[in-house]
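Undergrad: The structure's right below; bear with me while I get my questions together.
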Amino acid sequence: MKIDLSNSEWKLMNQLWGKSPATITQLTERLAPETGWSKHTVMTMLSRLEQKGAVSCTQGERAREYSALL
252 MKIDLSNSEW KLMNQLWGKS PATITQLTER LAPETGWSKH TVMTMLSRLE QKGAVSCTQG
312 ERAREYSALL
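Quick note: to get the numbering used here, add 251 to the position in the sequence shown (first position is 1).
Have a look at this one:
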């Protein structure tokens with residue numbers, strides 16, 4: 252199965268490959284210096300990546316946690 256990722260999606264996936272699971276807040280903080288993305292941008296991209304089968308989401312104790320599936 253081939254999954255095409257945009258450059259932006261690659262940046263987010265690299266963060267998940269480096270340290271998973273991660274919450275939206277954690278990912279936003281890690282990506283902010285390089286991208287300046289807001290929490291809503293990260294949420295949108297995670298939703299797209301979840302639809303593509305690239306990430307999974309589980310409900311953590313306080314927030315959703317995302318992990319790379321690829």
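For every residue, glycine included, the Cβ atom is placed at its ideal position computed from N, Cα and C. Here the structure is a predicted model, which means the values were calculated and not measured.
Roughly how far, in whole angstroms, is the beta-carbon of Lys262 from the beta-carbon of Thr292, given that I think they are within contact range, below 8 Å?
TA: By one-based count along the sequence shown, residue 262 stands at place 11. By one-based count along the sequence shown, residue 292 stands at place 41. Lys262 to Thr292, Cβ: 11 Å. No contact.
Undergrad: Taking buried to mean at least 16 other C-beta atoms within 10 Å of its own C-beta, is Arg281 buried or exposed?
TA: In the sequence shown, residue 281 corresponds to position 30, counting from 1. Flag for Arg281 reads buried.
Undergrad: By DSSP, does Glu312 sit in helix, in strand, or in coil?
TA: Numbered from its first residue, the sequence shown carries residue 312 at position 61. If DSSP states are grouped into helix, strand and coil, Glu312 belongs with coil.
Undergrad: Let me make sure I understand the geometry here. Which of Ala273, Asn258, Asn265, Met264 has the alpha-carbon closest to that of Gly311?
TA: Within the sequence shown, residue 311 is the residue found at index 60, counting from 1. When only C-alpha atoms are compared, the closest one is Ala273.
Undergrad: Report back the beta-carbon spacing between Arg288 and Ala319 to the nearest angstrom; my notes put them in contact at under 8 Å.
TA: Residue 288 sits at position 37 when you count from the first residue of the sequence shown. Residue 319 sits at position 68 when you count from the first residue of the sequence shown. According to the sequence provided, residue 288 is Trp. The question's Arg does not apply to it. Not quite, the Cβ-Cβ distance comes to about 18 Å (not below 8 Å), so this is no contact.
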